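Asks: I'd like to ask you about the structure that follows.
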Ligand SMILES: [Zn+2]
């Protein structure tokens, strides 16, 4: 492995130098103090590109770089942000090309690739847990629900929008689609369903015996098990890491039971859930690892 730059552009832009699967030196954060809102909200796509480049540039001056990886929310295909519910102004923006042109303007030739943010978290988990030779899937439970996959493979992988209910009243997904995983499990969706309660209160009330909350907590776990079962049906069994601010609500034992009710074929048995904490460094490392693998030519060009 060489020397890479990894960038995770979500609530903040976090940038770092990565060697041998870990961050070397300090992580650069912009803006320095984070908030729950996306600071990139409403910023024109060209300015987002400039903002990301400004974070990469100081690392370029100091070191020779073999590859640069950028993780950003949305459906990323062919270096283009095809759709990003969190950053709608970036729809159709050729971020990879824009950043590559900025590099070339400074006579820099390091290959740069952009990836979905959940996919770089999955790659970061794989790199930091000695799983780079395995299929690693992640559920990121926060405001919405992200699905990450390592190794990076061409595709859409919008697992958060897996249909887990045929009930047309299940309409809380941020994308507007009915019956989606995110519409049950996502933080935004929980607030819309229980207008009078925060997610913490829903889970606390369920433990205290409130039947409505208890029923919902069961549905919440069954929805996550169902989307996992769909992934297993398509790609086989394996390890599923659960992370994000709402991963604290997960009861792994309950998820295991529901999953086993849903997945019965012996060839599809053997999946495991693990709840883990991830941080900005996980994403930085994952972006760098994916970019490095792409630079070696082991990824399908441009995901098409
Ligand atoms: Zn959806």
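In the numbering used here, the protein residues as written are 543 to 846. C-beta atoms are modelled at their ideal positions from N, C-alpha and C, and glycine is treated no differently. Model, not experiment: these values are computed from the prediction.
1) In its own chain, which residues sit with a C-beta less than 6 Å from the C-beta of residue 796, not counting the 5 before and 5 after it?
2) Would you decide whether residue 744 is buried or exposed? Buried here means 16 or more other CB atoms lie within 10 Å of its CB.
3) State whether the region 801 to 820 contacts the region 764 to 779, with contact taken as three or more CB pairs (one from each stretch) at a distance under 8 Å.
4) Are there 16 or more other CB atoms within 10 angstroms of the CB of residue 819, so buried, or fewer, so exposed?
5) Can you give me the Cβ contacts of residue 725 inside the same chain, cut-off strictly under 7 Å, excluding the 5 residues immediately before and after it?
6) Residues bridged to residue 814 by DSSP?
7) Express the C-alpha separation of residue 651 and residue 643 in angstroms, rounding to a whole number.
8) Thinking C-alpha only, which one of 780, 830, 816, 664 is nearest residue 539?
9) Count the other CB atoms within 10 Å of the CB of residue 641; is the residue buried (16 or more) or exposed (fewer)?
10) Apart from the five residues on each side of it in sequence, which residues of its chain come closer than 8 Å, Cβ to Cβ, to residue 624?
11) Who are the near neighbours of residue 658 in its chain, counting only those whose CB is closer than 6 Å to its CB and skipping five residues on each side?
12) In chain order, what residues of the same chain lie with their CB nearer than 6 Å to the CB of residue 755, ignoring the 5 residues before and after it?
13) Assign residue 821 to one of two classes, buried (16 or more other C-beta atoms within 10 Å of its C-beta) or exposed (fewer than that).
14) Can you check the region 731 to 774 for any alpha helix (DSSP H) of at least 4 residues that lies completely inside it and give the ranges in chain order?
15) Note the first and the last residue of the continuous beta strand (DSSP E) segment covering residue 568.
16) Give the DSSP bridge partners of residue 682, in chain order.
Replies: In short, the structure shows the following:
1) Position 254 of the chain shown, counting from 1, holds the residue named residue 796. Closer than 6 Å at Cβ, skipping near neighbours: 763.
2) By 1-based counting over the chain shown, the position of residue 744 is 202. The residue is buried, with at least 16 neighbouring Cβ atoms inside 10 Å.
3) yes
4) Within the chain shown, numbered from 1, the residue matching residue 819 stands at position 277. Exposed: under 16 other Cβ atoms inside 10 Å.
5) Sequence index remark: in the chain shown, residue 725 carries index 183 (1-based). For residue 725, where only same-chain residues beyond five positions count, the Cβ hits under 7 Å are 712, 713, 714, 715, 731.
6) As a position in the chain shown, residue 814 is number 272, starting the count at 1. Its beta-bridge partners are 781.
7) Taking the chain shown and counting its residues from 1, one reaches residue 643 at position 101. Taking the chain shown and counting its residues from 1, one reaches residue 651 at position 109. Approximately 10 Å, taken between the alpha carbons.
8) Here the chain has residues from 543 to 846 only, and residue 539 is not among them.
9) The sequence position of residue 641 within the chain shown is 99, counting from 1. Burial call: buried.
10) Sequence index remark: in the chain shown, residue 624 carries index 82 (1-based). Closer than 8 Å at Cβ, skipping near neighbours: 616, 617, 618, 633, 634.
11) Working through the chain shown from its first residue, we reach residue 658 at position 116. For residue 658, where only same-chain residues beyond five positions count, the Cβ hits under 6 Å are 618.
12) By 1-based counting over the chain shown, the position of residue 755 is 213. Once the five neighbours on either side are set aside, the close Cβ partners of residue 755 are 744, 747, 748.
13) Here residue 821 corresponds to residue number 279 of the chain shown, with the count starting at 1. The residue in question, residue 821, is exposed, as its Cβ has fewer than 16 Cβ neighbours within 10 Å.
14) 741 to 749
15) Here residue 568 corresponds to residue number 26 of the chain shown, with the count starting at 1. From DSSP, the beta strand (DSSP E) with residue 568 extends over 564 to 572.
16) Here residue 682 refers to the residue found at position 140 when the chain shown is read from its first residue. In the DSSP output, where bridge partners are listed per residue, residue 682 has 688, 785.
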